[in-house]
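Structure first, then comments.
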Amino acid sequence: MARRNATRDAQSVAVIGLGRFGRALAIELVDSGAEVLGIDTDEDIVQSLNGVLTHVVRADSTREAALEQLGIDSFDRVVIAIGSDIQASILTASLLKRRGTVEIWAKAISEQHGLILEQIGISHVVYPEADMGRRVAHLVRGSMLDYVRLDDDLVVAVTQVPGEATGGAIGELQLHEKHGVGVIRVKRDGRWMPVAPDTALVSGETIVVIGPEKQTERFCSLSPAV
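Read left to right, the sequence shown gives residues 1 to 226 (this note's numbering).
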């Protein structure tokens with residue numbers, strides 16, 4: 001398989017570690033059309049994913065010879081999804097960096113773990129448990145139907161139309177000037193539609209809002225339109 005790291009969309013991904021996070025990630029990648037190699041040290045896990053992923057093998061990613069035999073360098077991206085074994089995660093990351101693997105993503109289970117991965121040179125470090133905890137916290141408060149963080153201070157939220165977003169065209173209501181957020185989609189007749197300056201929102205509709213975290217949270221907590 002030829003290296004295609006320069007491509008924007010990864011056509012082939014190796015996922016190392018097939019616990020809950022790695023398994024879900026690998027299956028989603030397959031469903032999206034990517035060729036996926038799953039790697040784990042547990043034979044039962046490997047067998048359970050046989051026929052589900054493009055390829056799945058039992059191997060120890062802390063052994064460079066194993067990475068060589070698997071042709072790890074031919075994949076567009078490699079995800080280190082190893083869970084509780086921090087030593088294996090760090091050693092695997094170190095071996096991949098030494099081999100010159102360009103696109104490496106790695107799961108971190110703590111700030112210290114993530115810091116070490118960054119020091120090794122892993123530019124894409126994710127914290128799935130922490131990110132999910134923050135997301136659920138916002139949902140539990142009840143003002144948002146869904147919530148995704150895009151950057152340190154940029155979020156996208158799904159919420160019901162508040163009263164202040166009705167009574168005129170979006171462009172005339174100046175929501176960005178008043179609240180620091182933008183409404184980018186509205187669900188109408190069961191379909192998500194883009195919002196234009198002349199779009200008028202009505203009570204009961206669901207909208208997608210984007211903006212800084214605090215402003216978005218305040219906007220979504222406004223009283224719903226009646």
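Every residue gets a Cβ at the ideal spot worked out from N, C-alpha and C, and that includes glycine.
Helix, strand or coil: which one does DSSP assign to residue i?
i: E43; result: helix
i: T92; result: helix
i: A81; result: coil
i: D153; result: coil
i: P128; result: helix
i: D198; result: coil
i: I122; result: coil
i: G38; result: strand
i: V102; result: coil
i: D189; result: coil
i: A169; result: strand
i: G71; result: coil
i: G114; result: helix
i: I184; result: strand
i: V56; result: strand
Find out if the Cβ-Cβ distance for the pair residue i, residue j is shorter than 9 Å.
i: L53; j: L37; result: yes
i: R77; j: I104; result: yes
i: G83; j: G133; result: no
i: L25; j: S61; result: no
i: I72; j: R58; result: no
i: G182; j: G211; result: yes
i: L117; j: A137; result: no
Using only the alpha-carbon positions, how far apart do residue i and residue j sit?
i: H179; j: L49; result: 48 Å
i: P162; j: L201; result: 9 Å
i: T206; j: V186; result: 6 Å
i: V158; j: S110; result: 29 Å
i: I27; j: A81; result: 13 Å
i: S203; j: T41; result: 53 Å
i: G121; j: G100; result: 11 Å
i: D153; j: K214; result: 8 Å
i: Q119; j: V79; result: 17 Å
i: Y127; j: R20; result: 14 Å
i: R4; j: L139; result: Below a pLDDT of 50, predicted positions are generally treated as unreliable, and R4, at 44, falls in that range; the measurement from the model is reported next regardless. When rounded, the distance between both Cα atoms is 39 Å.
i: V156; j: A65; result: 43 Å
i: I90; j: I184; result: 40 Å
i: A6; j: G33; result: Its pLDDT being 44, under 50, A6 is placed unreliably in this model, and the coordinates cannot settle the point.
i: L145; j: A108; result: 27 Å
i: D193; j: E217; result: A small fix is needed here, since residue 193 is Met in this sequence, not Asp. Using only the alpha carbons, I get a separation of about 22 Å.
i: D151; j: E43; result: 38 Å
Who pairs with residue i in a beta bridge, going by DSSP?
i: Q160; result: T206
i: S32; result: In DSSP, S32 forms no bridge with anything.
i: I16; result: I39, I80
i: K214; result: For K214, which the question treats as bridged, DSSP gives no partner whatsoever.
i: V148; result: V156
i: K107; result: V126
For residue i, tell me which candidate among the options has the shortest Cα-Cα distance.
i: A106; options: G100, H124, Q119, T159; result: H124
i: E35; options: H113, G51, E172; result: G51
i: A225; options: I184, E172, Q160, D198; result: Q160
i: R191; options: D198, V208, G182, E213; result: V208
i: A143; options: Q47, V15, C220, A10; result: Ala is not the amino acid found at residue 143; the sequence shown has Ser there. Closest by alpha carbon: C220.
i: D131; options: I72, D85, R149; result: R149
i: S223; options: E164, I39, H138; result: E164
i: D31; options: R218, V13, L145, Q47; result: V13
i: Q112; options: V15, Q87, T92, L175; result: Q87
i: I170; options: A196, I210, R141; result: A196
i: L29; options: H55, E43, Q47; result: H55
i: L173; options: T216, P194, R188, D198; result: D198
i: E68; options: Q47, R98, D85; result: R98
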